[in-house]
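Heads up, the thing below is written out as structure tokens.
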Amino acid sequence: MRLNTLKPAEGAREDRKRVGRGIGSGLGKTCGRGHKGSFARAGKGKIKAGFEGGQMPMHIRLPKVGFRSRMAKDTAEVLLYQLDKLEAGEVDFAALRAAKLVPATAKKAKIVAKGELTKAFVLKGLLATAGAKAAVEAAGGKVEE
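Using my numbering, read the sequence shown as starting at 178 and increasing by one per residue.
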């Protein structure tokens, strides 16, 4: 074996495409791009996602559905059974954040009725659903705005 006889394995390297070098190459004239159209032109090969050739795109043709609350982005939900894990007494937003029941990005918290409440809590400055208010009051606590 000599340095001048070394070759890569068969099929390991692919020859690059030499376009525009005559009929015999198989990639002459249009260079494999076909005739006309955006893909045949230089620098015009990309089409935005959702573009349908000037036809009204599907995402605009379809109706808007549903509703997105702006408040939902800033408000964290705390469930009753999560609240029950805290020690009884006064609970405010800072206490919920300290207990890691509320993420750092949240600006408000809302108590939602899911699960059971066995301890008496006084909720200060927290939002609560009607069912959650009833559960807190049934357990001997109260909700202060």
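Built from N, CA and C at the ideal position, the CB exists for glycine as well.
Keep in mind that this is a model prediction, so the values were computed, not measured.
I want to see whether chain B comes within less than 8 Å of residue 241, judged by CB atoms only; does it?
In the displayed structure, chain B is absent; only one protein chain is listed.
Scan the region 190-264 and note each continuous beta strand (DSSP E) run of 3 residues or more that stays entirely inside, going in chain order.
Taking only runs of at least 3 residues, the beta strand (DSSP E) segments lying wholly in the region 190-264 are 252-256.
Could you please give the first and the last residue of the uninterrupted alpha helix (DSSP H) stretch that includes residue 273?
Taking the first residue of the sequence shown as 1, we reach residue 273 at position 96. Segment 270-275, the alpha helix (DSSP H) holding residue 273.
With a Cβ-Cβ cutoff of 8 Å, do residue 304 and residue 257 count as a contact?
Against the sequence shown, residue 304 aligns to sequence position 127. Against the sequence shown, residue 257 aligns to sequence position 80. Contact: no.
Mind checking who residue 286 pairs with in its DSSP beta bridge?
Numbered from its first residue, the sequence shown carries residue 286 at position 109. Residue pairing by DSSP puts residue 286 in a beta bridge opposite 253.
Is there contact between the region 242-254 and the region 274-288, where contact requires at least three CB pairs shorter than 8 Å?
Flag = yes, the region 242-254 and the region 274-288 touch.
For the beta strand (DSSP E) that contains residue 301, what are its first and last residues?
Locating residue 301 in the sequence shown gives position 124, counting from the first residue. Looking at the DSSP string, the run of the beta strand (DSSP E) that includes residue 301 is 298-301.
Using DSSP bridges, identify the partner residues of residue 267.
If you number the sequence shown from 1, residue 267 lands on position 90. Here residue 267 is bridged, per DSSP, to 299.
To the nearest angstrom, report how far apart residue 218 and residue 241 are at their CA atoms.
Locating residue 218 in the sequence shown gives position 41, where the first residue counts as 1. Locating residue 241 in the sequence shown gives position 64, where the first residue counts as 1. C-alpha separation (whole angstroms): 37 Å.
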